[in-house]
Amino acid sequence: MNCHRVQSLLSAYLDQELSPEEQRLIRNHIFHCPICAENFEDLSHIKSYLGNLEPPFAQADLDLLDQFLFDHLHANPSFSANPWVWGKRLALTTACVFLFLMTAFYLFPVEPNNPMLLTQEAAPFSISSTTPYQLVSERKTDVNFLSADDEEQDEKKRNSDYSFFPEQSRLVPGVPVSR
Amino acid sequence: MLQTETLSLARPAPDTLSEFEQQVKNYEKAFYHFAYRLTGNHDDAQDLTQEALLKAYRAFNRFKPGTAFDRWVYQIIYRLFIDQYRKKRRRPFVASLDEAPPHLDQEKPKEVPDYSKLPEDFALRHELGVTIQSALLRLPEEFRAAVVLCDVQGFSYEEISNILQCSLGTVRSRIHRGRRQLREYLQPYLSAERSKKQ
Ligand SMILES: [Zn+2]
């Protein structure tokens, strides 16, 4: 083995990551070659410098680390476990509930002159506590957010939007409307 | 029915969290030390460790109980570090890491104090620590990680190849070249050692 070859293997020799045969050859070479021996000494010093490096942290650093983990993992462990899956599950559940409610509204529309609603209208204070769906008429909500000009345009738009429905269908099903 | 299902799914697995915390407790110092040697400062080390541990927790269900937890997390720390470093770095990335190392010599030359007479006290150890860390930071980050895992963390080449996801030959070459560069940067200390011996 020449010096070049030996020097390329010195690090692995130092880490005892060579075959027994290679180790023996290098040990012999170092014994006779002062240049490679010095090289090897340097590398061993570097290894021991690094091995003796003092841990850089104060206890405060680790406390911060623990605090962080505590905050994140305990705050919402289920979401931490796999937020992606949980996001999808949540979305799916929401979609199902939404679909269910919409179907229910369309299958069982509430007539505006339903006797039950009429009695409720007679006692306005009980509406809020007993009406199952606290929705307001679409028209009424829009008015709050629109200026007079917009309102006119919106009225046209709404008429065209709903033109394919028969007149009664404009009412949002399930919603008691008072005019 | 929907509601019942949602509730049961939302309940956290009781063992996972405590098992994870136990594992972290065993190794957190070592993780933090590794992150510190890679980044060279407390804030980045803290961020890196935290991010890696969160990532590890999120993927904890994929962690196989028989395998080494620490090596798995070291791997996450290393990958995060490499990703972030490449994003932050302004210089264009050197395509093959095991080819020519970057021309570090062109960067600001450091003032080299005279280390020929070294006092054996805390101040010196501290100063040596600082010098070694800044030498580490001058290494290409792949060499740095390999050298730190070997000499600071004490892993075998095979374990390192596992963590860095590269071949044994690559590990050997990175450690060798990393140490050779360190030898240049730490020459003043090394010659002081030599003269001490004589
Ligand atoms: Zn030689």
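For the record, the sequence lines run as chains A and X.
Read in order, the letters of the first sequence are residues 2 to 180 in this note's numbering.
Read in order, the letters of the second sequence are residues -13 to 184 in this note's numbering.
Ideal Cβ positions, reconstructed from N, Cα and C, are used throughout, including at glycine.
Do residue i and residue j have their C-beta atoms within less than 8 angstroms of each other?
i: Ile149 (chain X); j: Arg23 (chain X); result: no
i: Phe55 (chain X); j: Tyr13 (chain X); result: yes
i: Leu168 (chain X); j: Ala121 (chain X); result: yes
i: Leu63 (chain A); j: Ser12 (chain A); result: no
i: Gln36 (chain X); j: Leu74 (chain A); result: no
i: Arg180 (chain X); j: Phe129 (chain X); result: no
i: Leu10 (chain A); j: Ile27 (chain A); result: yes
Name, please, each residue of chain X whose Cβ falls closer than 9 angstroms to the Cβ of residue i.
i: Ile27 (chain A); result: Simply none; closest approach about 13 angstroms.
i: Asp184 (chain A); result: Absent from the structure is residue 184 (chain A), since the part of chain A shown begins at 2 and ends at 180.
i: Arg65 (chain A); result: A small correction: the amino acid at residue 65 (chain A) is Leu; Arg does not occupy that position in the sequence shown. The answer, in chain order, is Gln32 and Gln36.
i: Ala13 (chain A); result: Tyr143, Arg158, Ile161 and His162
i: Leu100 (chain A); result: Per Cβ cutoff of 9 angstroms: no residues; Leu100 (chain A) is ~11 angstroms from chain X at best.
Using CA coordinates, which residue listed in the options is at the minimum distance from residue i?
i: Ala261 (chain X); options: X:Phe20, X:Lys50 and X:Leu40; result: Missing from the structure shown is residue 261 (chain X); chain X here goes from -13 to 184 and no further.
i: Leu70 (chain A); options: X:Thr53, X:Lys11, X:Ile62 and X:Leu114; result: X:Lys11
i: Pro126 (chain X); options: X:Ala178, X:Thr117 and X:Ile68; result: X:Ile68
i: Thr25 (chain X); options: X:Arg124, X:Lys15 and X:Gln8; result: X:Arg124
i: Gly52 (chain A); options: X:Lys183, X:Ile118 and X:Tyr71; result: X:Ile118
i: Phe6 (chain X); options: X:Ile63, X:Leu40 and X:Ala131; result: X:Leu40
i: Leu114 (chain X); options: X:Ala16, X:Thr156, X:Gln173 and X:Pro51; result: X:Gln173
i: Tyr60 (chain X); options: X:Ala16, X:Phe129, X:Glu170 and X:Phe49; result: X:Ala16
i: Gly52 (chain X); options: X:Gln9, X:Tyr64 and X:Phe141; result: X:Gln9
i: His112 (chain X); options: A:Glu23, A:Thr95 and A:Pro56; result: A:Pro56
i: Leu110 (chain X); options: A:Tyr50, A:Val98 and A:Glu23; result: A:Tyr50
i: Glu170 (chain X); options: A:Pro21, A:Leu10 and A:His46; result: A:His46
i: Tyr14 (chain A); options: X:Ser159, X:Cys152 and X:Ala178; result: X:Ser159
i: Phe108 (chain X); options: A:Ala92, A:Leu54, A:Asp72 and A:Ala96; result: A:Leu54
Just checking my contact of residue i with residue j at CB under 8 angstroms: how many whole Å lie between their CB atoms?
i: Leu34 (chain X); j: Leu3 (chain X); result: Between Leu3 (chain X) and Leu34 (chain X) the Cβ distance is about 22 angstroms, and since that is not below 8 angstroms, they are no contact.
i: Tyr143 (chain X); j: Glu18 (chain A); result: 5 angstroms
i: Ala131 (chain X); j: Tyr64 (chain X); result: 5 angstroms
List, in order along the chain, the chain A residues whose C-beta lies closer than 9 angstroms to that of residue i?
i: Glu113 (chain X); result: Within chain A, no residue comes near Glu113 (chain X); the closest Cβ sits about 12 angstroms away, beyond 9 angstroms.
i: Arg124 (chain X); result: Near Arg124 (chain X) there are no residues of chain A at all, since even the closest Cβ is about 14 angstroms away, more than 9 angstroms.
Residues of chain X with a CB under 7 angstroms from the CB of residue i: which are they?
i: Pro56 (chain A); result: Lys15 and His19
i: Phe69 (chain A); result: Gln36
Interface residues of chain A around residue i at Cβ under 7 angstroms?
i: Thr25 (chain X); result: Within chain A, no residue comes near Thr25 (chain X); the closest Cβ sits about 10 angstroms away, beyond 7 angstroms.
i: Glu179 (chain X); result: His46
i: Val116 (chain X); result: Within chain A, no residue comes near Val116 (chain X); the closest Cβ sits about 10 angstroms away, beyond 7 angstroms.
Which residues in chain A have a C-beta closer than 8 angstroms to the C-beta of residue i? List them in chain order.
i: Arg165 (chain X); result: Ser12, Leu44, Ile47 and Lys48
i: Val10 (chain X); result: Leu70
Give me the chain X residues within the contact set of residue i, using Cβ-Cβ distance strictly less than 8 angstroms, ordered along the chain.
i: Ser9 (chain A); result: His162
i: Leu108 (chain A); result: The premise fails here: Leu108 (chain A) is roughly 18 angstroms from chain X at the closest Cβ pair, so nothing lies under 8 angstroms.
### Query
Do the segment 121 to 137 of chain X and the segment 45 to 59 of chain X touch if we need at least three Cβ pairs shorter than 8 angstroms?
no
### Query
With contact counted as at least three CB pairs below 8 angstroms, one residue from each stretch, are the segment 3 to 12 of chain A and the segment 20 to 40 of chain A in contact?
yes
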